[in-house]
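Structure first, then comments.
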Amino acid sequence: MNPHFNFELKATHNHARVGVFHTPHGDIHTPIFAPVGTQATVKSVTPAQLEELGASLVLANTYHLYLRPGDARIASLGGLHRFMQWPHPILTDSGGYQVFSLADNRKIDEEGVTFKSHIDGSFHRLTPESSIAIQENLGADIIMAFDECAPPYDRAYNERAMARTHAWAERCVKAHQRSDQALFGIVQGGIFPDLRQQSAEFIAALNLPGNAIGGLSVGETKAEMHAMLEVVDGVLPKEKPRYLMGVGAPEDLVNGVLRGVDIFDCVLPTRLARHHAAITRSGRINLANAIHQDDPRPIMESCTCYTCQRFSRAYLRHLILAKEMLAATLLTIHNLQTLLMLMKEIRQSIMDGTLDTFTAQFFARQE
Ligand SMILES: [Zn+2]
Numbered sequence: 428m429n430p431h432f433n434f435e436l437k438a439t440h441n442h443a444r445v446g447v448f449h450t451p452h453g454d455i456h457t458p459i460f461a462p463v464g465t466q467a468t469v470k471s472v473t474p475a476q477l478e479e480l481g482a483s484l485v486l487a488n489t490y491h492l493y494l495r496p497g498d499a500r501i502a503s504l505g506g507l508h509r510f511m512q513w514p515h516p517i518l519t520d521s522g523g524y525q526v527f528s529l530a531d532n533r534k535i536d537e538e539g540v541t542f543k544s545h546i547d548g549s550f551h552r553l554t555p556e557s558s559i560a561i562q563e564n565l566g567a568d569i570i571m572a573f574d575e576c577a578p579p580y581d582r583a584y585n586e587r588a589m590a591r592t593h594a595w596a597e598r599c600v601k602a603h604q605r606s607d608q609a610l611f612g613i614v615q616g617g618i619f620p621d622l623r624q625q626s627a628e629f630i631a632a633l634n635l636p637g638n639a640i641g642g643l644s645v646g647e648t649k650a651e652m653h654a655m656l657e658v659v660d661g662v663l664p665k666e667k668p669r670y671l672m673g674v675g676a677p678e679d680l681v682n683g684v685l686r687g688v689d690i691f692d693c694v695l696p697t698r699l700a701r702h703h704a705a706i707t708r709s710g711r712i713n714l715a716n717a718i719h720q721d722d723p724r725p726i727m728e729s730c731t732c733y734t735c736q737r738f739s740r741a742y743l744r745h746l747i748l749a750k751e752m753l754a755a756t757l758l759t760i761h762n763l764q765t766l767l768m769l770m771k772e773i774r775q776s777i778m779d780g781t782l783d784t785f786t787a788q789f790f791a792r793q794e
């Protein structure tokens, strides 16, 4: 067992769990939502604002930081925690997902992936070993195995991608040196229950400090995502954290928790904020709409965030129309608060044994 990482399960309610994942940079109280800081910054907010919101875990992207400013440079400047001034837990992805979704001219072989940078067109190669080496340079607390995410409905492709993901996971385990980082394996398998079962069994057998579920929320239906989570929930060890990658809509967070997920991340709250949308418990509000121009109310009367405590919808709409940067900051604060508070209330309701009432009320308010 790695002495730097320990997952303590505090309470369960059916498949939902409350726990604490101890890391070298602090405790992560699960279930948790992790804001995404793609370029070593959660867009439009400062680390101080993130702390005030109660964020604990932040995600950064290996692909982006490898290309710019370079992982060796970040290492020589003291590592990612110091570089971005986030002294709390950080998770980095493997770079695989961005290579497959952003890079041009990518060529996959059994050894790794060759691709063209989306920034300057230069050629690069990522392998399981180099992904781990980059993530060791960055120095996040939780790092991810290099995997291949296939389109969800293509059975033959998913079989190949899953086999590759498994072989690459083994190579990542061999390559990984730093004991102050927890390496998570990633379950793939598209929307195919037998592949998901097989993948979860393989990844669980690697006996890593935590396990991730990839390749969901990539175009499949909600029902299919839920079915895959249920398959994986039945296989992955209960005593280790489970991380559902790239999922962050409020209803998906609740549905994930109900199916045994502990950690979530998504660009949704920060991306929506830059597109003038506020997340609420009952849906989204577009603050650019004219309907808000004389509205003195906050986004949400019940919200305790800095934005809702001070600013009107009319002011937010004015900032948006005037193209002021503060609009993105204020909406990001509200959107992150909404997801972080939702997770806090979920944790409390699992502890109190009132999760059924909480989820019934939550789903009744969905539009
Ligand atoms: Zn608010």
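In case it helps, the working numbering puts the sequence shown at residues 428 to 794. Even glycine gets a Cβ: it sits at the ideal position worked out from N, Cα and C. Predicted model, so just to flag it, every value in this text is computed and none were measured.
Residue i CB to nearest heavy atom of ligand 1 below 8 angstroms
i	result
Cys730	yes
Pro677	no
His761	yes
Thr765	yes
Ile570	no
Met727	yes
Cys693	no
Thr756	no
Cys735	yes
Cut-off 6 angstroms between Cβ atoms - residues of its own chain near residue i, not counting five sequence neighbours on either side
i	result
Val445	Lys437, Ala438, Arg774, Ile777, Met778
Thr759	Ser471, Val472, Thr697, Ala700
Tyr733	Ile760
Gly464	Val485, Ala487
Ser644	Gly673, Val674
Thr541	Lys534, Arg552
Ile455	Phe448, Ser483, Leu484, Pro516
Asp712	Correcting the residue type first, residue 712 is Ile in the shown sequence and not Asp. Ala705.
Ala749	none
Glu556	Ala602
Asn532	Lys543
Asp722	Arg740, Ala741
Ile630	Gly612, Val614, Asn638
Residues that DSSP places opposite residue i in a beta bridge
i	result
Val614	Ile640
Gly453	Thr450
Thr707	Gly710
Phe510	DSSP lists no partner for Phe510.
Thr541	Lys534, Arg552
Asp692	Ala461
Val485	Ile517
Ala443	His440
Met571	Phe611
Arg669	Asn638
Other residues of its chain near residue i: CB distance less than 7 angstroms, five sequence neighbours each side excluded
i	result
Arg495	Ile546
Ile747	His703, Leu714, Ala715, Ala754
Arg744	Leu714, Ala715, His719, Gln720
His440	Ile777, Gly780, Leu782
Asn682	His653
Thr756	Ser471, Val472
Val684	Ala443, Pro458, Ile773
Leu695	Gly675, Ala676
Thr666	For the sequence presented, residue 666 should be read as Glu rather than Thr. Counting only Cβ-Cβ distances below 7 angstroms, and skipping sequence neighbours, we find Phe434, Leu436.
Asp795	The structure shown has nothing for residue 795, since the chain only spans 428 to 794.
Own chain partners of residue i with C-beta closer than 8 angstroms, once the 5 adjacent residues on each side are dropped
i	result
Asn429	Ser606, Ala609, Pro636
Leu477	Pro462, Val469, Val485, Trp513, Leu763
Ala499	Asn564
Glu479	Tyr733
Contact belief for residue i with residue j at Cβ below 8 angstroms, rounded distance in angstroms
i	j	result
Gln522	Thr489	In the sequence under discussion, the amino acid at residue 522 is Gly, which differs from the Gln named in the question. Confirmed, about 4 angstroms.
Cys599	Ile559	5 angstroms
Leu766	Gly687	About 19 angstroms; that fails the 8 angstroms criterion.
Ala627	Leu663	6 angstroms
Asp689	Thr457	4 angstroms
Ser739	Pro725	7 angstroms
Ile640	Leu671	5 angstroms
Leu680	Phe448	Incorrect: roughly 17 angstroms between the Cβ atoms, too far for contact.
Gly617	Asn585	4 angstroms
Cys576	Phe527	6 angstroms
Thr390	Gly539	No information on residue 390 is available, as it lies outside the stretch 428 to 794 that the chain covers here.
task = Examine the Cβ distances between the segment 494 to 514 and the segment 543 to 557 and report whether three or more of them are shorter than 8 angstroms.
result = yes
ask   = Does the segment 611 to 620 come close enough to the segment 561 to 575 that 3 or more CB-CB pairs lie under 8 angstroms?
value = yes
inquiry  = Across the segment 588 to 595 and the segment 711 to 719, are there enough close Cβ pairs to call them in contact, namely three or more that are closer than 8 angstroms?
reply    = no
ask   = Are the segment 578 to 591 and the segment 504 to 519 touching, with three or more C-beta to C-beta distances below 8 angstroms?
value = no
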